[in-house]
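**Q**
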Amino acid sequence: MAKHKEIVMSGIRPTGFLHLGNYFGAIRNYIKMQEDFECYFMVADWHSLTTHPDTKELRGNVERVLAENIACGLDPDKAAFFCQSHVHETAELYLYLNMLAYKGELEKTVTFKDKVRQHPENVNAGLLTYPVLQAADIILHRAQYVPVGKDQEQHLEMARNFANRFNHRYGEVFPEPVAYNYNAELVKVPSLDGKGKMSKSENQMATLYLADEDDMIRKKVAKAKTDGGPTEMNSIKPDYIENIFALMKLVCTEDVIAKYEADYNNCTIRYGDLKKQLGEDMVKFIAPVREKINTILPDKNYLKQVMEQGAEKANKSAGETMKLVREAMGLKYF
Ligand code: ADP
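For the sequence shown, position 118 matches number 117 in numbering that gives the first Met the number 0, and the numbering has no gaps at all.
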């Protein structure tokens, strides 16, 4: 008998162009995991409404996220690749979990506090309960592994709490989901300006997008924050230099990294040369992905077919779980 495969679930919001952080934090793991696990990968369109209530660009963004993931190697025949809004039972589970989530713990969430700071004019209840909806997305498929970047660690902890609370109150339905990365540590791809992480909607000149043209990539890397170089041998790197080395580790060869590490340690480093090399290596990495995106994106029929196929798989799994949930809760009267 075939071994039952462990279940994987993750999502990306359709809020703009995908970037290197999405790739190394999430998509790279999706591509590996689709070979060995039962995978559910989702375009999180409902989540995007928490910060992007204007839906004029939503369709285009959904199509872009689909095309960009597929260009990176996500295979819709192997994984269920679907849109959140096509799986209505997500909203039902979200409602039940909301009764098990407390205002205090939601208000303490770091991403919530960040969003309140960034958009004080739009602190809506959806934003506050974002981790609840995310937990619903994950446990709806009874997933064990969630490939995400480091920024999502706290949300995963909350998802575990909600799943456990449900299990304690109504009976064992959900496994505990854990964040997953093929390397031991979760990844954070820093932005080029030395401040925070690369991100879809903020700091666009400091973020490298998978759809960026070659010259744009070179230009962004050339502008990355550096300084006059170290004046003492073997000194500790400031954060923004550490970040540049972190970016090199994603795309440069070991020889190149070793050379610049040595140059840094003996104070002969030339940041201009380093950035030229990093720019070229980034171009080498991003250009083939961009070309694939440009061939997939115009094929709307194909993208529609991907969504339909994904919705069918995700709805099947959601239906099975929700039957167990309603039974466990006693919400079954005939
Ligand atoms: P964004 O923050 O760019 O809007 P999402 O919230 O849609 O991205 O996150 C999609 C996935 O990409 C998540 O798994 C998230 O952890 C990962 N991710 C986003 N930015 C980074 C980054 N700079 N480094 C590592 N992973 C990231």
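Here a beta-carbon is modelled for each residue, glycine too, at the ideal position from N, C-alpha and C.
Span of the beta strand (DSSP E) holding A178?
**A** Start at 1 with the first residue of the sequence shown, and residue 178 comes out as number 179. Where A178 is concerned, the enclosing beta strand (DSSP E) stretches over 177-179.
**Q** In whole angstroms, give me the CA-to-CA distance for T252 and A310.
**A** As a position in the sequence shown, residue 252 is number 253, starting the count at 1. As a position in the sequence shown, residue 310 is number 311, starting the count at 1. Approximately 40 Å, taken between the alpha carbons.
**Q** For the ligand ADP, any of its heavy atoms closer than 8 Å to the Cβ of I285?
**A** In the sequence shown, counting from the first residue as 1, residue 285 sits at position 286. Flag unset: Cβ of I285 not near the ligand ADP.
**Q** Just to confirm, does H87 get its C-beta within under 8 Å of one of the non-hydrogen atoms of the ligand ZN?
**A** As for the ligand ZN, it is missing from this structure, which binds only the ligand ADP.
**Q** Assign P176 to one of two classes, buried (16 or more other C-beta atoms within 10 Å of its C-beta) or exposed (fewer than that).
**A** Within the sequence shown, the letter at position 177 stands for residue 176. That one is buried.
**Q** Confirm, please, whether the CB-CB distance from L127 to E106 is below 9 Å.
**A** Taking the sequence shown and counting its residues from 1, one reaches residue 106 at position 107. Taking the sequence shown and counting its residues from 1, one reaches residue 127 at position 128. Yes, Cβ-Cβ distance for E106 and L127 is below 9 Å.
**Q** Identify, in the order they occur along the chain, each residue of the same chain with its Cβ nearer than 7 Å to the Cβ of D44, setting aside the five sequence neighbours on each side.
**A** Residue numbering aside, residue 44 sits at position 45 when the sequence shown is read from its first letter. Taken in chain order, the residues that qualify are P13, L57, V61, C82, Q83, S84.
**Q** What span of residues does the alpha helix (DSSP H) with V147 cover, start to end?
**A** In the sequence shown, counting from the first residue as 1, residue 147 sits at position 148. Neither: V147 is in no alpha helix (DSSP H) and is coded neither H nor E.
**Q** Using alpha carbons as the reference points, say which of N166, I138, E120, A261 lies closest to G10.
**A** Counting from 1 along the sequence shown, the entry for residue 10 is found at position 11. The shortest Cα separation from G10 among N166, I138, E120, A261 belongs to I138.
**Q** Pairs of beta-carbons, one from the segment 177-186 and one from the segment 142-152, closer than 8 Å: are there three or more?
**A** The segment 177-186 is in contact with the segment 142-152.
**Q** Leaving out the 5 sequence neighbours to the left and right, which residues in its chain are closer than 6 Å to A79 when beta-carbon positions are compared?
**A** In the sequence shown, the residue the question calls residue 79 occupies position 80. If we look at A79 and ignore the five residues flanking it on each side, its Cβ neighbours are Y39, G309, K312, A313.
**Q** With distances taken from CA atoms, which of K102, Y169, V64 is nearest G329?
**A** In the sequence shown, counting from the first residue as 1, residue 329 sits at position 330. The residue with the shortest Cα to Cα distance from G329 is Y169.
**Q** How do the segment 268-278 and the segment 47-55 stand: do at least 3 beta-carbon pairs fall below 8 Å, yes or no?
**A** Touching, no, given that fewer than three Cβ pairs across the two stretches are closer than 8 Å.
**Q** Exposed or buried, what is H154 when buried is set at 16 or more other beta-carbons lying within 10 Å of its beta-carbon?
**A** For this step, residue 154 is matched to residue 155 along the sequence shown. It is buried - the Cβ of H154 has at least 16 other Cβ atoms within 10 Å.
**Q** What residues match up with H18 in a beta bridge as DSSP calls it?
**A** For the purposes of this step, residue 18 is taken as the residue at position 19 of the sequence shown. Beta-bridge pairing links H18 to Y208.
**Q** Out of R27, E104, V188, point me to the one whose CA is closest to M247's CA.
**A** Mapped onto the sequence shown, residue 247 falls at position 248. Per the Cα distances, V188.
**Q** What number of angstroms, rounded off, separates the C-alpha of A158 from the C-alpha of F244?
**A** In the sequence shown, residue 158 corresponds to position 159, counting from 1. In the sequence shown, residue 244 corresponds to position 245, counting from 1. Computed Cα separation, rounded: 33 Å.
**Q** Do you know offhand how far K403's Cα is from L191's?
**A** Lying before the first or after the last residue shown, residue 403 is absent from the chain, which here runs from 0 to 333.
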